[in-house]
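Everything below concerns the one structure shown next.
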Amino acid sequence: MTPARTRIGSSARAFGRESVYELPDGIEIEATENYEVIRRRVLFEDVLLITYHREIGFWFVILSGLVGAFFLFIGVLIVSAQRTGNAWPYLTPWLVMAFPFLLAAALRAILGVEVISIFGRRSKAQIRFTFRKQRAREVYGRILARVRQAQKALENEIAASVVAEMPAVPEVPMPPAF
Amino acid sequence: MATLARKKAPYEGPECPRCDALLGDDSRVTGTVTCPHCRATFEATAFNPPQRRMQIVEVAQSGPEGANACANHERNTAVTSCQRCGLYICSLCDMNVGSGSFCPSCFDRVRTEGTLGAATTRFRDYGSMARASAAAGFLFMFMLLGLPFGALTIYYANKGIKQAKNEGRSTLGTRIAMGFGIFEAIAGSAAIAFVILGVMGKLK
Chain A
65 MTPARTRIGS
75 SARAFGRESV
85 YELPDGIEIE
95 ATENYEVIRR
105 RVLFEDVLLI
115 TYHREIGFWF
125 VILSGLVGAF
135 FLFIGVLIVS
145 AQRTGNAWPY
155 LTPWLVMAFP
165 FLLAAALRAI
175 LGVEVISIFG
185 RRSKAQIRFT
195 FRKQRAREVY
205 GRILARVRQA
215 QKALENEIAA
225 SVVAEMPAVP
235 EVPMPPAF
Chain B
20 MATLARKKAP
30 YEGPECPRCD
40 ALLGDDSRVT
50 GTVTCPHCRA
60 TFEATAFNPP
70 QRRMQIVEVA
80 QSGPEGANAC
90 ANHERNTAVT
100 SCQRCGLYIC
110 SLCDMNVGSG
120 SFCPSCFDRV
130 RTEGTLGAAT
140 TRFRDYGSMA
150 RASAAAGFLF
160 MFMLLGLPFG
170 ALTIYYANKG
180 IKQAKNEGRS
190 TLGTRIAMGF
200 GIFEAIAGSA
210 AIAFVILGVM
220 GKLK
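Chains A and B, in that order, are what the protein sequence lines are.
The first sequence begins at 65 in the working numbering and counts up by one.
The second sequence begins at 20 in the working numbering and counts up by one.
What follows is the structure in structure tokens.
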């Protein structure tokens, strides 16, 4: 049984999707690969760098735009071949198919995607937010705070163990008074 | 033989979030960072996590019995042995990441091979398998394959629901797949019965 976790976002790439969860002591990443779930963690104690940036995703915009344009092109081709009558019944299905791709490309080009990357000693996590920019900032701030808190606690724990290990100063008898 | 698929390099440390190039120490700072490789900028917050201290016992301190020396540091007492090569190793050499202890050279090797099981956990996702099986059953129902695919979907969905409950994940997708599986099994059985009755000439 896994400890209580909260889903904080996901990161979708061309060939896979990762879900990112927040645990009491770190970040858990669940990636699905050929019906296998690969789970890894970045512990707050181990975090070295957290970054935040906005990117457009050049290939996403180009590919979505191309697919949309392809459907639109076929529609226009069919309409141009149909020289008489109303063109809309022929064009509409192709417009319907092209619309989601063109919309996705336009939205991505306008809005971009906010990316939070968390780099630990042994693994990394990435969370992407396409629409909820405010939430991206909120998650970024929360992770920073939790990392600071965890590393401060570890520092205190280490300091406490150093004090405990220090040998007690032996009591040296005072020299006799002359 | 050259591998067809390019293997992704194992993670080595903080990278540029835009181009994935390894960042040097001078780029691991707090503020706006410009990647030396792609020249793109990003906002960064650097941390210097404290290291846990290790307690090293020297052979001379541990007495004559039960004090094996570390293979790499002859003055240090071995605390364990490498689970891959069997070398005695001290706490300095012990690369324990949860799944067992490795000496530094074996750790490097298993990490490069990608067989180090501690940082990652792999398990079968029965929910995905149930969904795929349900979709395949739906597609091939016309070939009288609804029953076997339906039965397979029910089996996978059953395991998937248990797994999702254990993991605390949503079971909705798997439950929908289960519904499809039941439908495919019933429709598939009916289709087979229909064909058999037709062959026997009992259908009017």
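In this text, a Cβ means the ideal position worked out from N, Cα and C, and glycines have one as well.
Handout entry: Boundaries of the beta strand (DSSP E) in which E93 of chain B is found, first to last residue
Key = By 1-based counting over the second sequence, the position of residue 93 of chain B is 74. It is not in any beta strand (DSSP E) - E93 of chain B carries neither H nor E in the DSSP assignment.
Handout entry: Alpha-carbon to alpha-carbon, A145 of chain A and I180 of chain B
Key = The residue labelled residue 180 of chain B in the question sits at position 161 within the second sequence. The residue labelled residue 145 of chain A in the question sits at position 81 within the first sequence. Using only the alpha carbons, I get a separation of about 53 Å.
Practice task
Quick one: using the 10 Å Cβ neighbour count with 16 as the cut-off for buried, is I182 of chain A buried or exposed?
Solution key: The residue you call residue 182 of chain A lines up with position 118 of the first sequence. Its Cβ being crowded by 16 or more others within 10 Å, I182 of chain A is buried.
Exercise for the section: Spatial neighbours of L208 of chain A within its chain, please: CB distance less than 8 Å, with the 5 preceding and 5 following residues excluded, ordered by chain position. Expected result: Locating residue 208 of chain A in the first sequence gives position 144, where the first residue counts as 1. Answer for L208 of chain A: I114, listed in chain order.
Practice task
Return the CA-CA distance between A183 of chain B and T60 of chain B, expressed in angstroms with no decimal places.
Solution key: Mapped onto the second sequence, residue 183 of chain B falls at position 164. Mapped onto the second sequence, residue 60 of chain B falls at position 41. Their Cα atoms are separated by approximately 40 Å.
Practice task
In angstroms with no decimal places, state the Cα-to-Cα distance between A173 of chain A and F134 of chain A.
Solution key: The residue you call residue 173 of chain A lines up with position 109 of the first sequence. The residue you call residue 134 of chain A lines up with position 70 of the first sequence. The straight-line gap from Cα to Cα measures roughly 19 Å.
Handout entry: Segment limits, beta strand (DSSP E) that includes L107 of chain A
Key = What you label residue 107 of chain A is simply residue 43 of the first sequence in a count that begins at 1. Where L107 of chain A is concerned, the enclosing beta strand (DSSP E) stretches over E100 to L107.
Practice task
Look up V48 of chain B in the DSSP assignment and say whether it is helix, strand or coil.
Solution key: If you number the second sequence from 1, residue 48 of chain B lands on position 29. If DSSP states are grouped into helix, strand and coil, V48 of chain B belongs with coil.
Handout entry: Separation of F124 of chain A from A204 of chain B, as counted between CA atoms
Key = The residue labelled residue 204 of chain B in the question sits at position 185 within the second sequence. The residue labelled residue 124 of chain A in the question sits at position 60 within the first sequence. Distance between the alpha carbons of A204 of chain B and F124 of chain A: 40 Å.
Exercise for the section: Report yes or no: is there a C-beta of chain B within less than 8 Å of the C-beta of D110 of chain A? Expected result: Here residue 110 of chain A refers to the residue found at position 46 of the first sequence. Yes, D110 of chain A counts as interfacial toward chain B.
Handout entry: Interfacial residues, the segment 66–96 of chain A to chain B, with Cβ spacing under 8 Å
Key = T66, A68, R69 and T96
Handout entry: Same chain, Cβ closer than 7 Å to L222 of chain B, neighbours up to 5 away in sequence not counted
Key = As a working note, residue 222 of chain B is residue 203 in the second sequence. Hits under 7 Å: L216.
Practice task
Give the single residue among B:T49, B:V214, B:G198 and B:Q70 whose Cα lies nearest to the Cα of R185 of chain A.
Solution key: Position 121 of the first sequence holds residue 185 of chain A. When only C-alpha atoms are compared, the closest one is B:Q70.
Handout entry: Closer than 8 Å to chain B by CB, A224 of chain A
Key = The residue you call residue 224 of chain A lines up with position 160 of the first sequence. Not an interface residue.
Practice task
Kindly list the residues whose CB is nearer than 7 Å to the CB of R81 of chain A, restricted to its own chain and excluding five residues on each side of it in sequence; keep chain order.
Solution key: The residue you call residue 81 of chain A lines up with position 17 of the first sequence. Correct list, in chain order: S74 and T96.
Practice task
Closer than 7 Å by beta-carbon distance: list the chain A residues that pair up with P33 of chain B, in chain order.
Solution key: Reading the second sequence from its first residue, position 14 is the one you call residue 33 of chain B. Neighbours of P33 of chain B on chain A, chain order: L112, L113 and F183.
Problem - Which of helix, strand or coil DSSP assigns to R37 of chain B - result: Stepping through the second sequence from its first residue, residue 37 of chain B is reached at position 18. Residue state, collapsed to three classes: coil.
Practice task
Just tell me which of B:A149, B:C35 and B:V129 has its CA closest to the CA of I195 of chain B.
Solution key: Residue mapping note: residue 195 of chain B aligns to position 176 of the second sequence, counting from 1. For the residues B:A149, B:C35 and B:V129, the minimum Cα distance to I195 of chain B belongs to B:A149.
Exercise for the section: Tell me, please, which residues DSSP counts as bridged to T60 of chain B. Expected result: Taking the first residue of the second sequence as position 1, residue 60 of chain B is located at position 41. According to DSSP, which records beta bridges pairwise, T60 of chain B is partnered with B:T53.
Exercise for the section: Using a Cβ-Cβ cut-off of 8 Å, state whether L175 of chain A counts as contacting chain B. Expected result: Counting from 1 along the first sequence, the entry for residue 175 of chain A is found at position 111. No, its Cβ sits nowhere closer than 8 Å to a Cβ of chain B.
Problem - Inter-stretch contact (C-beta, 8 Å, three-pair minimum) for the segment 160–170 of chain A and the segment 102–117 of chain A - result: no
Practice task
Taking only beta carbons into account, state which residues of the segment 49–62 of chain B come closer than 7 Å to chain A, listed in chain order.
Solution key: F61 and E62
Exercise for the section: Please confirm if Y99 of chain A has its CB atom under 8 Å from at least one CB of chain B. Expected result: Here residue 99 of chain A corresponds to residue number 35 of the first sequence, with the count starting at 1. Output row for Y99 of chain A: interface = yes.
Problem - Neighbourhood of A68 of chain A by C-beta, 6 Å cutoff - its chain only, sequence neighbours within 5 removed - result: Against the first sequence, residue 68 of chain A aligns to sequence position 4. Result list for A68 of chain A: empty, nothing under 6 Å.
Exercise for the section: To the nearest angstrom, report how far apart P68 of chain B and D144 of chain B are at their CA atoms. Expected result: Numbered from 1 along the second sequence, position 49 holds the residue referred to as residue 68 of chain B. Numbered from 1 along the second sequence, position 125 holds the residue referred to as residue 144 of chain B. In a straight line, the C-alpha of P68 of chain B is about 34 Å away from that of D144 of chain B.
Exercise for the section: Pull out every residue of the segment 193–222 of chain A whose Cβ sits closer than 7 Å to any Cβ of chain B, in chain order. Expected result: L208, V211, Q215, L218, E219 and I222
Exercise for the section: List the residues of chain B whose Cβ lies closer than 7 Å to the Cβ of E119 of chain A, in chain order. Expected result: Working through the first sequence from its first residue, we reach residue 119 of chain A at position 55. The answer, in chain order, is R37.
Practice task
Indicate whether T172 of chain B and G207 of chain B have their beta-carbon atoms separated by less than 8 Å.
Solution key: Position 153 of the second sequence, counting from 1, holds the residue named residue 172 of chain B. Position 188 of the second sequence, counting from 1, holds the residue named residue 207 of chain B. Not a contact, by the Cβ cut-off of 8 Å.
Handout entry: Interface residues of chain B facing V179 of chain A [CB-CB closer than 7 Å]
Key = Reading the first sequence from its first residue, position 115 is the one you call residue 179 of chain A. Here the neighbours are P36.
Exercise for the section: With distances taken Cα to Cα, identify the nearest neighbour of G139 of chain A among A:V227, A:A168, A:W152 and A:E92. Expected result: In the first sequence, residue 139 of chain A corresponds to position 75, counting from 1. If we check each option's Cα against that of G139 of chain A, A:W152 comes out closest.
Exercise for the section: Note down, one range per segment and in chain order, each beta strand (DSSP E) of at least 3 residues found wholly within the segment 135–200 of chain A. Expected result: 177–183 and 188–193
Problem - Spatial neighbours of E31 of chain B in its chain, beta-carbon cut-off 8 Å, leaving aside the 5 residues before and after - result: Here residue 31 of chain B corresponds to residue number 12 of the second sequence, with the count starting at 1. Excluding residues within five positions, the ones whose Cβ falls inside 8 Å are L41.
Practice task
Can you grab the Cα-Cα spacing for the pair I72 of chain A / R212 of chain A, in whole Å?
Solution key: Walking along the first sequence from the start, residue 72 of chain A turns up at place 8. Walking along the first sequence from the start, residue 212 of chain A turns up at place 148. If I take the Cα positions, the gap works out to 19 Å.
Exercise for the section: Mind listing, in chain order, the continuous alpha helix (DSSP H) runs of no fewer than 4 residues lying wholly within the segment 140–207 of chain B? Expected result: 145–158 and 165–186
Problem - Same chain, Cβ closer than 7 Å to F168 of chain B, neighbours up to 5 away in sequence not counted - result: The residue labelled residue 168 of chain B in the question sits at position 149 within the second sequence. Answer for F168 of chain B: S152, A155, G156, F159 and E203, listed in chain order.
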